[in-house]
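Structure first, commentary second.
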Amino acid sequence: MGFRDVDMSISFRFHPEKAIEAAAMLLKLHGKPMKYIGLLKMLYIADRIALERMDQPITGDKGYSLDWGLVPSNVYNLIKGNSVDNALPLWQKYISKNDDGYTVSLKASPPNDYVSEKAQQIIKEVYEKYGHLNPFDLAMLTHDFPEWEDPHGSSIPVNVDNVLRYMNKPEEEIEAIRQEAAREAYLDMVLAA
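At position 61 of the sequence shown (counting the first as 1) the number is 128 in the working numbering, and the numbers step up by one without a gap.
Written as structure tokens, this is what we have:
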């Protein structure tokens, strides 16, 4: 964890539609209710693989280190029923948290309008590799990622720059990814105005 000197980590825009499609794909592949901790871990891993292969995550979600591993924070909030960018009604249209409080189910399949074919392939690979694991074993597995830091009962944001460095991306490539993320954020701001 020797990369702590970076002040401002790359920040991607959260794409709720992509997050919903990705979660729905995993739930559909699973074919039954899934413990949400497993869903969160597989989404985090899929975003991490996409970052490595495509220079951007699938969902754009912000990762956090929690005691039980790494999670995409906005999806976690949606599962808990908290509003994120007005996406909660859309999330709840397709995905529901079950009465047991620990599992989620697919209510309906969203259209596949946002997740690219490359990203869909990554999601399938992640499910094939991790979908059979006990969700708590999968949670412990994310402790092995170098970006996980023990938050001692709290939460710590994941520094994307450091994740890219752990992936051995050159600084010039990291800077290009930073500029592209900043460009996207600027365009979103201009279009929203």
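For glycine and all other residues, C-beta sits at the position ideal for the given N, C-alpha and C.
If residue i sits next to residue j, beta carbons under 8 Å apart, how far is it from one beta carbon to the other, in whole angstroms?
i	j	result
Ile162	Ala113	So it is not a contact: roughly 16 Å between Cβ atoms.
Ser176	Lys85	The Cβ separation is near 15 Å, so there is no contact.
Pro213	Tyr233	5 Å
Val225	Ile116	Not a contact, Cβ separation roughly 15 Å.
Select from the options the residue whose C-alpha is nearest the C-alpha of residue i.
i	options	result
Ala91	Arg250, Trp215 and Val182	Val182
Leu145	Asp134, Leu133, Trp135 and Asp128	Asp128
Pro100	Ala186, Gln187, Asp166 and Lys196	Asp166
Ile244	Val257, Val227, Ala175 and His97	Val227
Lys185	Pro124, Ser150 and Pro202	Pro124
Asp217	Leu133, Lys174 and Pro202	Leu133
Ser222	Pro202, Gly130 and Ser150	Gly130
Lys196	Pro178, Pro83 and His97	His97
Val151	Ile87, Tyr169, Lys236 and Gly220	Ile87
Ala89	Gly168, Tyr169 and Asp180	Asp180
Thr126	Gln187, His82, Gly198 and Asp255	His82
Leu173	Leu93, Asn149 and Lys236	Leu93
Asp122	Asp255, Lys236 and Gly220	Lys236
Cβ atoms of residue j and residue i: under 9 Å apart, would you say?
i	j	result
Val171	Tyr103	yes
Arg120	Glu251	no
Leu231	Leu118	yes
Leu205	Met109	yes
Leu200	Val142	no
Ser78	Ala259	no
Lys147	Lys164	yes
With which residues is residue i paired in a DSSP beta bridge?
i	result
Met101	Val171
Val138	Tyr131
Ser163	Ser172
Pro224	Tyr131
Looking at chain B, is there any beta carbon in it that lies within less than 9 Å of the beta carbon of residue i?
i	result
Thr170	Among the protein chains of the structure shown there is no chain B, as only one such chain exists.
The stretch 148 to 156 / the stretch 228 to 241 touching (three or more Cβ pairs under 8 Å): Touching, no.
Segment contact flag, the stretch 133 to 145 with the stretch 203 to 223, C-beta cutoff 8 Å, min 3 pairs: yes
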